[in-house]
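In full-length UniProt numbering, the protein residues as written are 1 to 751. Ideal placement from N, C-alpha and C gives every residue a C-beta, glycine not left out. Below: one structure, written as structure tokens.
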């Protein structure tokens with residue numbers, strides 16, 4: 001096959017490409033200078049090509065005058081070849097495999113480095129470290145070889161002794177700088193970044209791996225750049241979380257391609273960023289995907305443009321179908337049948353009803369024609385989803401099982417788990433539990449934590465819906481509680497509040513059914529808070545309803561009544577009349593169970609109240625005089641006044657007439673009556689006066705001793721009214737305390 005390189009029209013940005021050989025056919029874009037193409041057809045000076053490397057359209061017609069023949073080596077450029085012993089050992093391991101390299105490893109320095117890297121690839125760090133030390137001893141005096149052995153030792157001790165590994169890596173870095181090996185300098189910086197990641201020194205690791213990326217890009221080592229990108233991703237994930245970390249790395253790559261002016265690379269970075277934001281921020285993902293599609297148009301890559309439009313269709317909430325249809329149209333225009341399978345499958349996901357099923361069946365037929373078993377299985381799964389939406393459960397179950405079986409044969413565990421989850425949605429409860437257990441296992445094996453957590457969430461719901469023997473029901477509820485808790489923790493780590501709330505709700509239902517009422521109410525309230533925080537009002541209302549059930553089961557009817565009224569309000573706002581009526585019925589039942597609260601009668605005393613009956617019987621009716629003894633109980637000297645009180649009482653005993661004697665305190669009973677300004681500790685000690693008066697009444701019944709407590713907040717006029725009212729009626733035990741209510745009225749409570 002003849003290969004050409006674009007060498008002309010640099011001032012115009014490259015060679016112009018058209019859809020057809022005619023000069024009047026539609027213009028596509030330009031092939032960038034240095035792009036390599038292979039010849040498919042030639043008509044005179046017009047050449048139909050297929051792009052091999054560089055920027056520009058994947059295929060089309062171009063003028064042969066703008067091209068220059070090149071050799072096959074330039075058409076398929078070789079990977080960056082490292083010169084160090086470590087780089088040569090890595091290349092040999094990739095070519096021959098670990099067992100063969102261990103057999104060929106000799107006792108010399110290069111052989112020991114090869115053995116060390118082979119052991120490391122096999123996961124045997126102890127043997128790798130031992131071989132690296134042997135290489136160090138053998139290569140002593142050879143600066144480059146000793147540096148390679150030191151770096152191999154650092155890699156071997158990376159996980160077990162990260163601090164020691166940092167020291168070895170720094171020594172290797174110094175040596176590689178001296179010999180001028182930029183590839184190994186960058187590789188050493190990447191190893192140091194990994195060691196810093198183990199030590200939780202994220203900022204230092206980030207700086208090291210960014211230096212490594214700069215060096216890899218400078219020398220054009222794409223494999224090394226990819227490895228450094230993975231390390232940078234690990235650091236940002238540890239720093240900001242998985243979703244934010246992946247987005248940060250994609251933005252860094254996007255900024256790099258912008259500085260280079262590489263539209264194709266910039267578009268790919270945007271496309272990657274859109275795919276990463278699909279689960280957390282769909283609107284933002286749709287925007288990035290559309291921007292990527294625009295860049296792919298400028299670069300002339302229609303296949304990538306179709307993929308970006310499909311991502312935009314799946315991400316955006318409105319106008320999804322036109323974007324997906326446009327992507328399919330572009331794919332058909334370039335004859336990309338393999339891409340059409342994925343696009344038809346994606347289009348089925350955004351359509352509904354019979355249209356979705358028709359697109360899925362079209363994708364299935366096209367994949368079968370191409371012999372693409374994996375594509376056929378994915379299309380069959382899409383057909384199962386469309387059939388399930390049409391409420392044809394038996395057909396959907398059969399299609400989903402067939403798709404899962406085919407995907408299992410293709411070793412696509414992630415897609416197989418998705419097909420099993422679809423089958424579980426169409427199956428009975430018992431069969432669904434078995435299918436979902438298998439889906440959880442497959443998702444865990446695929447390493448996708450989000451898919452694993454979603455499968456566990458669905459499994460917990462299926463276990464709760466199971467109906468059968470009591471022993472099986474109890475066992476399934478116990479398993480549901482455990483699985484829902486695992487899903488809750490997983491979604492917490494992933495930062496998905498909505499799914500975390502759903503998992504908490506399922507855990508709450510399971511715990512309440514297992515009589516763990518406190519745990520169930522706690523989990524339900526957690527789900528309600530999560531639903532409110534992510535704006536899911538339905539989740540919030542359902543979780544609150546579950547919490548009400550838990551409170552009723554606990555016997556906390558008053559709390560259940562308060563929450564039930566709130567739940568009724570939530571479902572009223574959501575427009576769910578059936579549940580609102582059910583909550584009405586529950587509220588009525590709770591009100592019947594709860595005791596009726598009747599307020600205690602209170603006597604109100606208004607200043608200068610003419611309605612007071614001055615002719616009523618009172619213990620002071622016969623008394624002609626009234627003595628008011630006021631104690632400064634808010635002062636610590638009140639004990640001395642108590643002694644004076646006892647002396648005064650002894651003097652009163654000698655008087656033959658009945659004497660009305662009021663002992664006045666202030667704020668002593670404020671804490672008992674709920675007064676808004678209760679007394680302090682010194683005032684509370686004034687209760688001693690009340691005890692003395694009770695003793696006096698027992699020993700000297702002739703004396704009419706009444707104890708009166710006025711509020712701290714009472715004015716002088718209000719105190720006068722209190723004394724006047726106490727003269728008329730001091731209560732059945734000759735002890736009375738006054739309070740001030742919210743209307744600033746005086747009331748008395750007998751003691």
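Take residue i as the anchor and find which of the options has the nearest alpha-carbon.
| i | options | result |
| --- | --- | --- |
| residue 760 | 268, 526, 44 and 381 | In the structure displayed, the chain extends from 1 to 751; residue 760 sits before or after that span and is not available. |
| residue 546 | 5, 152 and 502 | 502 |
| residue 251 | 566, 288 and 5 | 288 |
| residue 162 | 409, 187 and 200 | 200 |
| residue 401 | 392, 416 and 390 | 416 |
| residue 459 | 448, 440, 471 and 27 | 440 |
| residue 752 | 449, 539 and 586 | Nothing about residue 752 can be reported from this structure: the residues present for the chain run from 1 to 751 only. |
| residue 370 | 355, 694, 335 and 135 | 335 |
| residue 419 | 379, 429 and 185 | 379 |
| residue 189 | 213, 179 and 180 | 213 |
| residue 253 | 237, 242, 226 and 238 | 226 |
| residue 260 | 229, 217 and 274 | 217 |
| residue 236 | 474, 255, 194 and 314 | 194 |
| residue 768 | 347, 314, 523 and 315 | One cannot answer for residue 768 here, as it falls past the ends of the chain, which runs 1 to 751. |
| residue 671 | 661, 709 and 649 | 709 |
So what does DSSP say about residue i, is it helix, strand or coil?
| i | result |
| --- | --- |
| residue 241 | coil |
| residue 364 | helix |
| residue 422 | helix |
| residue 7 | coil |
| residue 53 | strand |
| residue 755 | Given a span of 1 to 751 for the chain in the structure shown, any question on residue 755 remains unanswerable. |
| residue 666 | strand |
| residue 2 | coil |
| residue 660 | strand |
| residue 41 | strand |
| residue 153 | helix |
| residue 556 | coil |
| residue 456 | helix |
| residue 643 | helix |
| residue 731 | coil |
| residue 534 | coil |
| residue 514 | coil |
| residue 69 | strand |
| residue 737 | strand |
| residue 158 | coil |
| residue 233 | helix |
| residue 47 | strand |
Please report how far the alpha carbon of residue i lies from the alpha carbon of residue j, in whole angstroms.
| i | j | result |
| --- | --- | --- |
| residue 139 | residue 158 | 22 Å |
| residue 500 | residue 489 | 8 Å |
| residue 86 | residue 202 | 27 Å |
| residue 362 | residue 192 | 52 Å |
| residue 455 | residue 564 | 32 Å |
| residue 245 | residue 555 | 47 Å |
| residue 621 | residue 736 | Confidence at residue 621 is low in this model, with a pLDDT of 45, below 50, so the placement of that residue is unreliable and no value is reported for it. |
| residue 183 | residue 98 | 23 Å |
| residue 326 | residue 575 | 38 Å |
| residue 26 | residue 61 | 10 Å |
| residue 433 | residue 553 | 28 Å |
| residue 386 | residue 412 | 21 Å |
| residue 332 | residue 320 | 19 Å |
| residue 463 | residue 429 | 7 Å |
| residue 728 | residue 560 | 47 Å |
Which residues bound the alpha helix (DSSP H) around residue i?
| i | result |
| --- | --- |
| residue 694 | 687-699 |
| residue 33 | Neither: residue 33 is in no alpha helix (DSSP H) and is coded neither H nor E. |
| residue 427 | Segment: none, residue 427 is in no alpha helix (DSSP H) and carries neither H nor E. |
| residue 139 | No alpha helix (DSSP H) contains residue 139, which DSSP labels as neither H nor E. |
| residue 210 | 202-219 |
| residue 303 | 302-315 |
At what residues does the beta strand (DSSP E) containing residue i begin and finish?
| i | result |
| --- | --- |
| residue 706 | 704-710 |
| residue 60 | 59-63 |
| residue 83 | That residue, residue 83, is in no beta strand (DSSP E); it is neither H nor E in DSSP. |
| residue 18 | 15-18 |
| residue 374 | Looking at the DSSP string, residue 374 is not in any beta strand (DSSP E); the run it does join, the alpha helix (DSSP H), is 373-389. |
| residue 467 | Here residue 467 belongs to no beta strand (DSSP E), and DSSP marks it neither H nor E. |
Would you please state the rounded distance, in angstroms, between the beta carbons of residue i and residue j? I believe it to be under 8 Å.
| i | j | result |
| --- | --- | --- |
| residue 707 | residue 690 | 5 Å |
| residue 6 | residue 66 | 6 Å |
For chain C, find out if any of its Cβ atoms is closer than 8 Å to the Cβ of residue i; answer yes or no.
| i | result |
| --- | --- |
| residue 144 | In the structure shown, chain C cannot be found, because there is only a single protein chain. |
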